[in-house]
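Student: Numbering (mature numbering (1 follows the signal peptide of the UniProt record, and there is no 0)), first residue to last: -22 to -1, 1 to 246.
I'd like to ask you about the structure that follows.
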């Protein structure tokens, strides 16, 4: 049996998975970095700045700096409101994109392994458990027991928008499980081919057609996810724009620089 056919199907599945992960937070032209710590819980947005200062904005768009309420003029209030509303929109939108991406990747890998090994195979079940575990971990990390969104960027491993908090772990676990079980996969596939009469060319053709079908179907889903990610990037760019004006016009916020959005496709 040629290994190339097996690797083609497996790599197709992982390519779809990687594409989904790449689309989850931003497109290749949209990079979002965090400087300082962001906390969001029960409608209150708090930012701890690098100089030790802190600010909070509640769902009534009231601003406090180091615990003191700040009186704002009309323009200042507009920037504060735009900033809050943009981040308040971006946070649940990011979680929705992350959830959708995980669902697409789970379905893609599940279909590939189900075709190769059978739906009842132990390894196929291990992958389902992996995706279920990742979904549970994501939920427990970003929601409290009552379903309220809870974000604390101080717990993230990377200084980037919080979708990356689970993305690297997701990719590493999938690739590790495939690598550890490649021998078992090859034996199972070889057995399937022998049961089919040993026609290697027919088996290869079936696998290649299946791989191409998987790629076509799930790339469409990934493309739809990318549209959502692009919309998210526009919202974060708007927040970054408002943040720059807050930094320049509101006393006590000269060190506010939580968001750094680099998107070559956007012009404010």
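Glycine included, C-beta positions come from ideal geometry on N, C-alpha and C.
Can the beta-carbon of residue 218 be found closer than 7 Å to that of residue 237?
Tutor: What you label residue 218 is simply residue 240 of the chain shown in a count that begins at 1. What you label residue 237 is simply residue 259 of the chain shown in a count that begins at 1. Contact: yes.
Student: Cβ of residue 199 within 7 Å of Cβ of residue 82?
Tutor: Here residue 199 refers to the residue found at position 221 of the chain shown. Here residue 82 refers to the residue found at position 104 of the chain shown. Against a cut-off of 7 Å, the Cβ pair of residue 82 and residue 199 comes out as a contact.
Student: What residue range is occupied by the uninterrupted alpha helix (DSSP H) comprising residue 95?
Tutor: Position 117 of the chain shown, counting from 1, holds the residue named residue 95. Residue 95 -> alpha helix (DSSP H) spans 52 to 95.
Student: Report yes or no: do the region 23 to 43 and the region 53 to 67 share at least 3 C-beta pairs separated by less than 8 Å?
Tutor: A contact exists between the region 23 to 43 and the region 53 to 67.
Student: Could you tell me if residue 202 is buried or exposed, where buried requires 16 or more neighbouring beta carbons within 10 angstroms of its beta carbon?
Tutor: The residue labelled residue 202 in the question sits at position 224 within the chain shown. Classification for residue 202: exposed.
Student: Thinking C-beta only, is residue 124 closer than 7 Å to residue 20?
Tutor: As a position in the chain shown, residue 20 is number 42, starting the count at 1. As a position in the chain shown, residue 124 is number 146, starting the count at 1. No, the Cβ-Cβ distance between residue 20 and residue 124 is not below 7 Å.
Student: Assign residue 16 to buried or exposed, taking buried as 16 or more other Cβ atoms, counted over all protein chains shown, within 10 Å of its Cβ.
Tutor: Here residue 16 refers to the residue found at position 38 when the chain shown is read from its first residue. Buried: at least 16 other Cβ atoms inside 10 Å.
Student: Whole angstroms is fine: what's the gap from residue 119's alpha carbon to residue 25's?
Tutor: What you label residue 119 is simply residue 141 of the chain shown in a count that begins at 1. What you label residue 25 is simply residue 47 of the chain shown in a count that begins at 1. Near 19 Å, if we compare the C-alpha coordinates of residue 25 and residue 119.
Student: Going by the DSSP bridge assignment, what does residue 42 pair with across the sheet?
Tutor: Counting from one through the chain shown, the residue named residue 42 turns up at place 64. Answer is 34 and 47, bridged to residue 42.
Student: According to DSSP, is residue 208 helix, strand or coil?
Tutor: Sequence index remark: in the chain shown, residue 208 carries index 230 (1-based). DSSP places residue 208 in helix when its eight states are reduced to three.
Student: Among 51, 52, 105 and 155, which has the Cα closest to the Cα of residue 319?
Tutor: Given a span of -22 to 246 for the chain in the structure shown, any question on residue 319 remains unanswerable.
Student: Is it buried or exposed, residue 102, if we count other Cβ atoms within 10 angstroms and call 16 or more buried?
Tutor: Counted from its first residue, the chain shown places residue 102 at position 124. With 16 or more Cβ atoms within 10 Å of its Cβ, residue 102 is classed as buried.
Student: How is residue 110 classed by DSSP in three states: helix, strand or coil?
Tutor: Along the chain shown, read from residue 1 onward, the residue named residue 110 stands at position 132. It is helical.
Student: What residue range does the beta strand (DSSP E) around residue 11 cover?
Tutor: Within the chain shown, residue 11 is the residue found at index 33, counting from 1. Counting along the chain, the beta strand (DSSP E) containing residue 11 begins and ends at 8 to 12.
Student: Under the DSSP definition of a beta bridge, which residues are partnered with residue 219?
Tutor: To locate residue 219, count along the chain shown from 1; it is residue 241. Per DSSP, none; premise fails for residue 219.
Student: My output table needs one value for residue 122: the three-state DSSP class, helix, strand or coil.
Tutor: By one-based count along the chain shown, residue 122 stands at place 144. If DSSP states are grouped into helix, strand and coil, residue 122 belongs with coil.
Student: Is DSSP giving residue 233 helix, strand or coil here?
Tutor: The residue labelled residue 233 in the question sits at position 255 within the chain shown. DSSP places residue 233 in coil when its eight states are reduced to three.
Student: Are the Cβ atoms of residue 54 and residue 227 separated by less than 7 Å?
Tutor: In the chain shown, residue 54 corresponds to position 76, counting from 1. In the chain shown, residue 227 corresponds to position 249, counting from 1. Yes. Within cutoff.
Student: Please list the terminal residues of the continuous beta strand (DSSP E) segment that includes residue 24.
Tutor: If you number the chain shown from 1, residue 24 lands on position 46. 22 to 26 is the span of the beta strand (DSSP E), which, as asked, contains residue 24.
Student: Enumerate in chain order the residues of its own chain whose CB-to-CB distance from residue 22 is below 7 Å, with the five nearest sequence positions on each side excluded.
Tutor: As a first step, residue 22 must be located in the chain shown, where it is residue number 44. Closer than 7 Å at Cβ, skipping near neighbours: 34 and 36.
Student: Taking 6 Å as the line, does the beta carbon of residue 44 fall inside it for any heavy atom of the ligand FMN?
Tutor: The ligand FMN is not among the ligands present in this structure, which contains no ligands whatsoever.
Student: When burial is assigned at 16 or more other CB atoms within 10 Å of the CB, is residue 189 buried or exposed?
Tutor: On the chain shown, position 211 is the one that residue 189 refers to. Buried.
Student: Among 161, 128 and 215, which has the Cα closest to the Cα of residue 95?
Tutor: Here residue 95 corresponds to residue number 117 of the chain shown, with the count starting at 1. Of the listed residues, the one whose Cα sits closest to residue 95 is 161.
Student: Thinking C-alpha only, which one of 30, 72, 220 and 57 is nearest residue 45?
Tutor: Counted from its first residue, the chain shown places residue 45 at position 67. Considering only alpha carbons, the answer is 30.
Student: To the nearest angstrom, report how far apart residue 111 and residue 194 are at their CA atoms.
Tutor: As a first step, residue 111 must be located in the chain shown, where it is residue number 133. As a first step, residue 194 must be located in the chain shown, where it is residue number 216. Each residue's Cα considered, the two are about 27 Å apart.
Student: Residues in the same chain with beta-carbon distance under 6 Å from residue 109, minus the five sequence neighbours each way, listed in chain order, please.
Tutor: What you label residue 109 is simply residue 131 of the chain shown in a count that begins at 1. For residue 109, where only same-chain residues beyond five positions count, the Cβ hits under 6 Å are 84.
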